[in-house]
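A.B. asks:
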């Protein structure tokens, strides 16, 4: 059994996925033309072979896993070489509408398109992210599961996998945003210690989510502003929750701004997690 | 050791608290003047004694625990009789600013004021809510702990206990709102089953919170609209999260409206929790 995969492009996630695939016997091609020496070294360490776009287009599966802020040039260059028999899988965190627009461009060449998303951190000895695929050709992505990836299909159109990714991020980062807003308000009103006690007793799962997620958010807050606005667009209108996510975008903008300045709010949040300065005093019945 | 408590008024929470106090040997007075026969029966079953306002004002502790939509008449009538030595504890879920305004009215009579809140369900064989008290006179509420209540003080001014209650509700009901918005979006995009699988594997604590909280919210959604707006007011400005809670108010308004009509969205949420209609198919590495 052999499988040739073209991978765009060898960023952190792309290289880790390629390393997993080559370790399981797959051939992984990528274009190193014009890439930095560091990128080339990373690609070779992951077992990838350099190949021109024409050869990439002939691979069994084309996987697009671009770094978050990447331009779309690698995709544009490849489109000219696609044709019937090509299988193009976009694994980037885009909106359902953007995926559908990309599908139209890819299928215009005669190639098949699959909507893919990756949930979790890059593959490593400790963990393996899950790949979800949707669209009429989703089953054609399954051979990746024979080469070390955790792959699952969703019985839905192009856009369903994209929606899953947005929803998962919306829950995880929304809960972190709620914690950020409310814990700051509690601290400002002198109720932080009592709130921590109550959360610990009644909603310990949420206190844990805040402890893990809020401090880790500070350096990412700036990036999350646009991500929250994308989720607001995805939800569509106010009654469906769009205003909630516009609110998170502004909150994260505020936190990012705070971090560039004195960091007073980040310090206030850290103080919440550091524990009792003046703990609630408990009396009476237990 | 004896303690006489005046309780305004014998609603569901007030009566349950009174029953707990009288079972532990406290004397609990309330005014039954003009109350319905059902209220009078409930008050007597809880061991409360009927008393005129003048006698209520002479109790060791005056506890205001009004039903959510209650008018403030019981309080207004009592204010005329308060004086130095009276201890007035407001245990209602009001904003810090409203508590401070009430404090001003009470202390103008010479009486002492304590900010109190109750977190949890009414006392029963199974559970006991926690009473938090803040303000300069908070320590004077502690004798309630000798009569079966779980009482704690917060080392903060009048308003700190009120803030705690708002923050706790903001987290609990905010997380339910996030679930409502996102689970509906996932269902509409055909990604509901895959999202449930991912939440179950990666964020099971949040899936559990949604399962417990979302279906129970439907009949309360109408009431939560105003509560979300109060939390938005409490947070103050957009960057502090006020817009997030205005968004929740609109979302809950939408859910309440849906429940008055065909209930299509509630049915869609129920379908999410009911489990796989077309579950994600899993392949490859585990």
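Residue numbers (the working numbering), protein chains in the order written: chain X, 363 to 648; chain R, 363 to 648.
For glycine and all other residues, C-beta sits at the position ideal for the given N, C-alpha and C.
Note that the structure is predicted; figures quoted are calculated from it, not measured.
1) Can you grab the Cα-Cα spacing for the pair residue 549 of chain R / residue 632 of chain R, in whole Å?
2) Near residue 648 of chain X, which residues of its chain fall below 6 Å by C-beta distance, leaving aside the five closest residues on each side in sequence?
3) Exposed or buried, residue 579 of chain X, counting other C-beta atoms within 10 Å across all chains shown (16 or more means buried)?
4) Return the chain-ordered list of same chain residues with a C-beta closer than 6 Å to the C-beta of residue 554 of chain X, the five sequence neighbours on each side being excluded.
5) Just mark residue 486 of chain R as buried or exposed, buried being the case when its beta carbon has 16 or more other beta carbons within 10 Å.
6) Under 8 Å, with one C-beta from each stretch per pair, do the region 451 to 461 of chain R and the region 520 to 528 of chain R reach the 3-pair mark?
7) So, are the CB atoms of residue 410 of chain R and residue 384 of chain R less than 9 Å apart?
8) Three or more C-beta pairs closer than 8 Å, one from the region 503 to 518 of chain X and one from the region 565 to 581 of chain X: is that the case here?
9) Under the DSSP definition of a beta bridge, which residues are partnered with residue 440 of chain X?
10) Relative to chain B, which residues along the region 464 to 477 of chain R have a C-beta separation below 7 Å, given in chain order?
11) Look at residue 478 of chain X and residue 425 of chain X and say whether their C-beta atoms are less than 9 Å apart.
12) Note down the Cα distance separating residue 628 of chain X from residue 423 of chain X, rounded to an integer number of angstroms.
13) Under the three-state reduction of DSSP, which class applies to residue 635 of chain R: helix, strand or coil?
14) From what residue to what residue does the beta strand (DSSP E) around residue 455 of chain X run?
15) Report yes or no: is there a C-beta of chain X within less than 9 Å of the C-beta of residue 487 of chain R?
16) Strictly by DSSP, which residues pair up with residue 494 of chain X?
17) Would you kindly work out how many angstroms separate the C-alpha atoms of residue 419 of chain X and residue 448 of chain X, rounded to a whole number?
18) In terms of residues, what are the limits of the alpha helix (DSSP H) holding residue 380 of chain R?
19) Quick one, which residues of the region 511 to 536 of chain X are near chain R if we go by CB-CB under 9 Å, in chain order?
20) Measure the beta-carbon distance from residue 529 of chain R to residue 544 of chain X and round it to whole angstroms, keeping in mind my assumption that it falls under 8 Å.
21) Write down the C-beta distance between residue 428 of chain R and residue 373 of chain R rounded to the nearest angstrom, noting that I regard them as a contact closer than 8 Å.
22) Measure the beta-carbon distance from residue 493 of chain X to residue 541 of chain X and round it to whole angstroms, keeping in mind my assumption that it falls under 8 Å.
23) What's the gap between the Cα of residue 475 of chain X and the Cα of residue 421 of chain X?
24) Beta strand (DSSP E) containing residue 424 of chain X: first to last residue?
25) Quick check on the DSSP output: the beta strand (DSSP E) that includes residue 391 of chain R runs from which residue to which?
26) For residue 458 of chain R, which residues in chain X fall below 8 Å Cβ to Cβ?
27) When you check each C-beta in the region 608 to 628 of chain X against every C-beta of chain R, which residues fall closer than 8 Å?
28) So is residue 381 of chain R in contact with chain X if we call contact Cβ pairs under 9 Å?
29) Would you tell me roughly how many angstroms separate the C-alpha atoms of residue 620 of chain R and residue 626 of chain R, rounded to the nearest one?
30) Apply the 10 Å Cβ neighbour rule to residue 376 of chain X and answer buried if 16 or more other Cβ atoms are within range, or exposed otherwise.
31) Contact criterion: CB-CB distance below 9 Å. Does residue 502 of chain X meet it with respect to chain R?
32) Taking C-alpha atoms, which residue in X:624, X:585 and X:464 lies nearest to residue 610 of chain X?
33) Taking its Cβ as the centre, do 16 or more other Cβ atoms sit within 10 Å of residue 416 of chain R, making it buried, or is it exposed?
34) Does the beta carbon of residue 570 of chain R sit closer than 9 Å to a beta carbon anywhere in chain X?
35) Thinking C-alpha only, which one of R:469, R:506 and R:395 is nearest residue 498 of chain R?
36) Between the beta-carbon of residue 365 of chain R and the beta-carbon of residue 389 of chain R, is there less than 9 Å?
C.D. replies: Checking against the coordinates, here is how it stands:
1) Translated into positions along the second chain, residue 549 of chain R becomes position 187. Translated into positions along the second chain, residue 632 of chain R becomes position 270. Residue 549 of chain R and residue 632 of chain R: Cα-Cα distance of roughly 11 Å.
2) For the purposes of this step, residue 648 of chain X is taken as the residue at position 286 of the first chain. Residue placement at residue 648 of chain X cannot be trusted, given a pLDDT of 45 that sits under 50; the coordinates are not used to answer.
3) Within the first chain, the letter at position 217 stands for residue 579 of chain X. By the neighbour-count rule (16 or more Cβ atoms within 10 Å), residue 579 of chain X is buried.
4) Here the question's residue 554 of chain X lines up with position 192 in the first chain. If we look at residue 554 of chain X and ignore the five residues flanking it on each side, its Cβ neighbours are 548 and 634.
5) Mapped onto the second chain, residue 486 of chain R falls at position 124. Flag for residue 486 of chain R reads exposed.
6) yes
7) Here residue 410 of chain R corresponds to residue number 48 of the second chain, with the count starting at 1. Here residue 384 of chain R corresponds to residue number 22 of the second chain, with the count starting at 1. Against a cut-off of 9 Å, the Cβ pair of residue 384 of chain R and residue 410 of chain R comes out as a contact.
8) no
9) Position 78 of the first chain holds residue 440 of chain X. Note: residue 440 of chain X sits in no beta bridge, so no partner.
10) As a matter of chain content, chain B is missing from the structure shown, whose protein chains are X and R.
11) Taking the first residue of the first chain as position 1, residue 478 of chain X is located at position 116. Taking the first residue of the first chain as position 1, residue 425 of chain X is located at position 63. Yes, these two residues count as a Cβ contact at 9 Å.
12) Position 266 of the first chain, counted from the start, is the residue given in the question as residue 628 of chain X. Position 61 of the first chain, counted from the start, is the residue given in the question as residue 423 of chain X. The alpha-carbon atoms of residue 628 of chain X and residue 423 of chain X are separated by roughly 45 Å.
13) As a working mapping, residue 635 of chain R is identified with position 273 in the second chain. Looking at residue 635 of chain R - three-state DSSP - the assignment turns out to be helix.
14) Translated into positions along the first chain, residue 455 of chain X becomes position 93. Run containing residue 455 of chain X: none; DSSP gives neither H nor E here.
15) Counting from 1 along the second chain, the entry for residue 487 of chain R is found at position 125. Taking Cβ atoms only, chain X never reaches closer than 9 Å to residue 487 of chain R, which makes this a no.
16) Counting from one through the first chain, the residue named residue 494 of chain X turns up at place 132. Partner(s): X:479 and X:514.
17) By one-based count along the first chain, residue 419 of chain X stands at place 57. By one-based count along the first chain, residue 448 of chain X stands at place 86. Those two C-alpha atoms are separated by around 7 Å.
18) For the purposes of this step, residue 380 of chain R is identified with residue 18 of the second chain, where counting begins at 1. Here the alpha helix (DSSP H) through residue 380 of chain R covers 374 to 385.
19) 511, 512, 513, 514, 515, 516, 517, 518, 519, 521, 522, 523, 524, 525, 526, 527, 528, 529, 530, 532, 533, 534 and 536
20) To locate residue 529 of chain R, count along the second chain from 1; it is residue 167. To locate residue 544 of chain X, count along the first chain from 1; it is residue 182. About 5 Å separates the two Cβ atoms, so the contact holds.
21) In the second chain, the residue the question calls residue 428 of chain R occupies position 66. In the second chain, the residue the question calls residue 373 of chain R occupies position 11. Going by Cβ atoms, the distance from residue 428 of chain R to residue 373 of chain R rounds to 7 Å, so yes, they are a contact pair.
22) Numbered from 1 along the first chain, position 131 holds the residue referred to as residue 493 of chain X. Numbered from 1 along the first chain, position 179 holds the residue referred to as residue 541 of chain X. Residue 493 of chain X to residue 541 of chain X, Cβ: 29 Å. No contact.
23) What you label residue 475 of chain X is simply residue 113 of the first chain in a count that begins at 1. What you label residue 421 of chain X is simply residue 59 of the first chain in a count that begins at 1. Their Cα atoms are separated by approximately 14 Å.
24) Here residue 424 of chain X corresponds to residue number 62 of the first chain, with the count starting at 1. Per DSSP, residue 424 of chain X belongs to the beta strand (DSSP E) from 423 to 426.
25) On the second chain, residue 391 of chain R is found 29 positions in, with the first residue counted as 1. Residue 391 of chain R -> beta strand (DSSP E) spans 389 to 392.
26) On the second chain, position 96 is the one that residue 458 of chain R refers to. Within 8 Å Cβ-Cβ: 551.
27) 608, 609, 610, 612, 613, 615 and 616
28) For the purposes of this step, residue 381 of chain R is identified with residue 19 of the second chain, where counting begins at 1. Taking Cβ atoms only, chain X never reaches closer than 9 Å to residue 381 of chain R, which makes this a no.
29) For this step, residue 620 of chain R is matched to residue 258 along the second chain. For this step, residue 626 of chain R is matched to residue 264 along the second chain. Near 7 Å, if we compare the C-alpha coordinates of residue 626 of chain R and residue 620 of chain R.
30) Taking the first residue of the first chain as 1, we reach residue 376 of chain X at position 14. Answer is buried; the Cβ neighbour count reaches 16.
31) By 1-based counting over the first chain, the position of residue 502 of chain X is 140. Residue 502 of chain X does not count as touching chain R.
32) Within the first chain, numbered from 1, the residue matching residue 610 of chain X stands at position 248. Ranking the options by Cα distance to residue 610 of chain X, first place goes to X:585.
33) As a working mapping, residue 416 of chain R is identified with position 54 in the second chain. Exposed: under 16 other Cβ atoms inside 10 Å.
34) Locating residue 570 of chain R in the second chain gives position 208, where the first residue counts as 1. Judged by the 9 Å Cβ criterion, residue 570 of chain R is in contact with chain X.
35) In the second chain, counting from the first residue as 1, residue 498 of chain R sits at position 136. When each option's Cα is compared against that of residue 498 of chain R, the closest is R:469.
36) Reading the second chain from its first residue, position 3 is the one you call residue 365 of chain R. Reading the second chain from its first residue, position 27 is the one you call residue 389 of chain R. Yes, the pair counts as a contact, with Cβ atoms nearer than the cut-off.
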